[in-house]
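Residue numbers (the working numbering): -11 to 163. Glycine residues also receive a C-beta, built at the ideal position from the N, C-alpha and C atoms.
Take a look at the structure:
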C-alpha cells in the first residue's frame, strides 16, 4: 500500500497505537570524529562550484586539529583527555548564541568556502591581497554595524541563563 502512495494522496486511518520507548541522544564528537566532520563540511554547501572547491581545500588535517586545539585553549570547547570527547563550554555556547542571533551568516559553510575561494584567487594572482582585504573589511564593517543596531543583548541574556543551568559553577576559593 505504501509503495503506491503519492504526494497529496489522502489515506483513511483505521487504527492508531502509541508505542512507548526511549531514544538515545546522538553520540558526542571525539577529536577524531570532529576532524572528520570538519573535513566533510563541504557536503553541506549547496553551491556546486563552491562545494567542488571545498573538496580540494579540506585536505589539511593538521589545520583542522590546530583549530580544535585553539578552541579548547580559549575555552570554547572542553576536551576529555581520556575519552577525547569534545563538549561545548558555557563560554562556547554563549559565543554560538550571540553569533546565531546576530550574524547567523557566519555559521554557514558557504561563507567560509567563499572566503577560501577568495584566498585562492589571491594566491593564484587573479586578485590582489588588497582587493581581497577591502572586500572582507567591508563585509565585517557592515555586519558589525548591523549587530550594533540589533541592540539584542537583553534578549540574549535569557539564552545564556538557560544554558548556564547545564554547567557546574566553579567556585573560587580565596586562600
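* Asked: So what's residue 99 in DSSP terms, helix, strand or just coil?
  -> For the purposes of this step, residue 99 is taken as the residue at position 111 of the chain shown. Note: residue 99 maps to helix in three-state DSSP.
* Do residue 18 and residue 72 come within 9 Å of each other at the CB atom, strictly closer than that value? -> Translated into positions along the chain shown, residue 72 becomes position 84. Translated into positions along the chain shown, residue 18 becomes position 30. For residue 72 and residue 18, yes; Cβs fall inside 9 Å.
* **Spatially closest choice to residue 24 from 117, 53, 153, by CA coordinates** => Counted from its first residue, the chain shown places residue 24 at position 36. With distances taken between Cα atoms, residue 24 lies closest to 53.
* To do: Assess, as a yes-or-no matter, whether the stretch 127 to 143 is touched by the stretch 83 to 102 under the definition of 3 or more beta carbon pairs within less than 8 Å.
  => yes
* Asked: Got a sec? Which residues, its chain only, sit under 6 Å from residue 131 by beta carbon, not counting five neighbours each side?
  -> As a working note, residue 131 is residue 143 in the chain shown. Here the set comprises 91.
* To do: Output the boundary residues of the alpha helix (DSSP H) element that contains residue 132.
  => Taking the first residue of the chain shown as position 1, residue 132 is located at position 144. Residues 117 to 138.
* **Paired residues, beta bridge with residue 67 - DSSP** => As a working note, residue 67 is residue 79 in the chain shown. According to DSSP, residue 67 bridges with 74.
* Give a yes or no on whether the C-beta atoms belonging to residue 164 and residue 75 are separated by under 9 Å. => With the chain covering -11 to 163 only, the question about residue 164 has no answer from this structure.
* Would residue 78 pass as a contact of residue 22 if the rule is Cβ separation under 9 Å? -> As a working note, residue 78 is residue 90 in the chain shown. As a working note, residue 22 is residue 34 in the chain shown. Cβ atoms of residue 78 and residue 22: not closer than 9 Å.
* Do residue 148 and residue 85 have their C-beta atoms closer together than 9 Å? -> The residue labelled residue 148 in the question sits at position 160 within the chain shown. The residue labelled residue 85 in the question sits at position 97 within the chain shown. Yes.
* So, residue 106 versus residue 124, is the Cβ gap smaller than 9 Å? -> Taking the chain shown and counting its residues from 1, the one referred to as residue 106 is at position 118. Taking the chain shown and counting its residues from 1, the one referred to as residue 124 is at position 136. Yes, the pair counts as a contact, with Cβ atoms nearer than the cut-off.
* Asked: By DSSP, does residue 163 sit in helix, in strand, or in coil?
  -> Within the chain shown, residue 163 is the residue found at index 175, counting from 1. Unreliable positioning characterises residue 163 in this predicted model, as indicated by a pLDDT of 42, which lies under 50. The coordinate reading is nonetheless provided below. In the structure shown, residue 163 sits in coil (DSSP, three-state: anything other than H, G, I, E or B).
* Based on Cα-Cα distance, which residue from 82, 93, 110, 94 lies nearest to residue 150? -> As a position in the chain shown, residue 150 is number 162, starting the count at 1. Nearest option by C-alpha distance: 82.
* Asked: Taking the continuous alpha helix (DSSP H) assigned at residue 91, which residues delimit it?
  -> One-based indexing of the chain shown puts residue 91 at position 103. Premise fails: residue 91 is in no alpha helix (DSSP H) and is neither H nor E.
* Asked: In this structure, does DSSP put residue 108 in helix, strand or coil?
  -> As a first step, residue 108 must be located in the chain shown, where it is residue number 120. Reduced to three states, the DSSP call for residue 108 is helix.
* Buried or exposed (CB count within 10 angstroms, at least 16 for buried), residue 165 -> The structure shown does not extend to residue 165, since the chain is modelled only from -11 to 163, so the question has no answer here.
* For residue -1, I'd like the list of residues in its chain whose CB is within less than 8 Å of its CB, leaving aside the five on either flank, ordered along the chain. => Working through the chain shown from its first residue, we reach residue -1 at position 11. So the list reads -7, once near-sequence residues are dropped.
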